[in-house]
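Since the structure comes first, as structure tokens, the remarks are kept for the end.
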Amino acid sequence: MNAYMLPMFQQNWSLFAPNPIGTERSLLVRAWFDDQRHTEWVDVTELEIDAAVLHNLTPSRVGIVTRRVATRIGQQHGRMTTEERRALASHYHDDAWNRLNARLMREEDRSPASRIAYVLRYDRAITAYATQFAYAWWGEDAGIKYVQFKTEEERAISFADRHRDLDPRVTTREFGRRPLLEHDGQDREAFAAAIERFAK
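Numbering-wise (full-length UniProt numbering), the sequence shown opens with residue 1 and increments by one.
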């Protein structure tokens with residue numbers, strides 16, 4: 001019975017009670033041509049949602065990958081110290097993650113090593129994503145040297161405050177410039193084709 005019923009009818013009650021999910025998270029990317037000139041920010045989560053989720057009764061979980069990574073890195077970023085967040089917002093053009101790791105690990109009042117490793121893994125992964133996005137969106141021949149990302153968290157107005165004239169609170173989590181990064185097995189053409197579908 002469980003094997004039949006649970007895949008179809010199981011509810012994740014954490015969505016609703018006792019505290020319903022009330023935060024929308026987005027990943028934004030921009031590219032740099034040098035240390036002065038950059039592109040505009042592009043909300044890549046909005047592109048994904050509009051293309052793969054909006055008006056779709058049964059959207060694939062693959063269609064919200066950037067929201068998931070923005071959530072995961074954002075939650076850990078929020079637990080880091082002010083100095084650690086300042087380090088993550090700094091620009092690193094060469095040997096970025098080794099230097100970042102060394103800087104974060106030498107702080108006296110630092111986060112656990114496991115949290116630092118987790119955040120840096122996601123920093124690398126998102127940088128690799130941003131690299132592919134930059135090639136697909138602005139072109140491989142655009143002269144891009146670095147990429148940068150940030151996350152934005154917009155909290156919904158609480159039920160108790162629903163009649164008050166309040167703007168949603170937006171939290172921006174800044175990360176600095178990083179060198180272009182490609183992992184073995186990444187497929188530029190397939191990524192570009194996906195982004196082209198998103199942009200239509």
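Even for Gly, the Cβ is constructed at its ideal location relative to N, Cα and C.
No experiment lies behind these values; they were computed from the predicted model shown.
8 Å contact criterion, which residue i and residue j should meet: CB distance rounded
| i | j | result |
| --- | --- | --- |
| Val147 | Thr172 | Not really, about 17 Å apart at Cβ, beyond 8 Å. |
| Arg79 | Ser114 | That pair is no contact at about 11 Å. |
| Val42 | Ile73 | So it is not a contact: roughly 18 Å between Cβ atoms. |
| Glu174 | Glu24 | Their Cβ separation, rounded to whole angstroms, is 18 Å, which puts Glu174 and Glu24 out of contact at 8 Å. |
Same chain, Cβ closer than 8 Å to residue i, five either side skipped, listed in chain order
| i | result |
| --- | --- |
| Glu140 | Arg188 |
| Tyr92 | Arg99, Leu100, Gly176, Arg177, Arg178, Pro179 |
| Gln186 | Ala128, Gln132 |
| Asp184 | none |
| Asp94 | Pro179 |
Contact under 8 Å by Cβ, residue i with residue j
| i | j | result |
| --- | --- | --- |
| Ala70 | Thr151 | yes |
| Phe149 | Val65 | no |
| Ser26 | Thr39 | no |
| Glu108 | Glu84 | no |
Of the listed residues the options, nearest to residue i (C-alpha basis)
| i | options | result |
| --- | --- | --- |
| Ala194 | Ala136, Gly176, Val170 | Ala136 |
| Arg121 | Glu154, Glu107, Arg155, Gln76 | Gln76 |
| Arg124 | Met105, Glu153, Ala190, Asn101 | Asn101 |
| Ala87 | Ala190, Ile49, Ile116 | Ile116 |
| Leu104 | Glu154, Ile126, Arg67, Thr81 | Thr81 |
| Trp138 | Glu24, Thr23, Phe33 | Phe33 |
| Ile49 | Arg68, Arg37, Asp35 | Arg68 |
| Arg37 | Val170, Ala142, Leu47 | Ala142 |
Contacts around residue i, its chain only, beta-carbon distance under 6 Å, and the 5 residues preceding and following it disregarded
| i | result |
| --- | --- |
| Ala134 | Ala31, Ile144, Val147 |
| Asp35 | none |
7 Å CB neighbourhood of residue i in its chain, flanking five on each side removed
| i | result |
| --- | --- |
| Glu182 | Ala128, Thr131 |
| Glu89 | According to the sequence displayed, residue 89 carries Ala and not Glu. If we look at Ala89 and ignore the five residues flanking it on each side, its Cβ neighbours are Glu174, Phe175, Gly176. |
| Phe191 | Gln132, Ala136 |
| His55 | The predicted model places His55 with a pLDDT of 47, which falls under 50 and marks its position as unreliable; any figure quoted below should be read in that light. Taken in chain order, the list of residues that qualify is empty. |
C-beta neighbour in chain B for residue i, strict 8 Å
| i | result |
| --- | --- |
| Gln76 | The question asks about chain B, but that chain is absent: this structure has only one protein chain. |
4-residue-minimum alpha helix (DSSP H) runs that sit fully inside the stretch 69-127, ordered along the chain: Counting whole runs of 4 or more residues, the stretch 69-127 contains the alpha helix (DSSP H) stretches 82-88, 96-105.
Beta strand (DSSP E) segments (min. 3 residues) lying fully within the stretch 135-195: The beta strand (DSSP E) runs lying completely inside the stretch 135-195 and spanning 3 residues or more are 146-155, 169-174, given in chain order.
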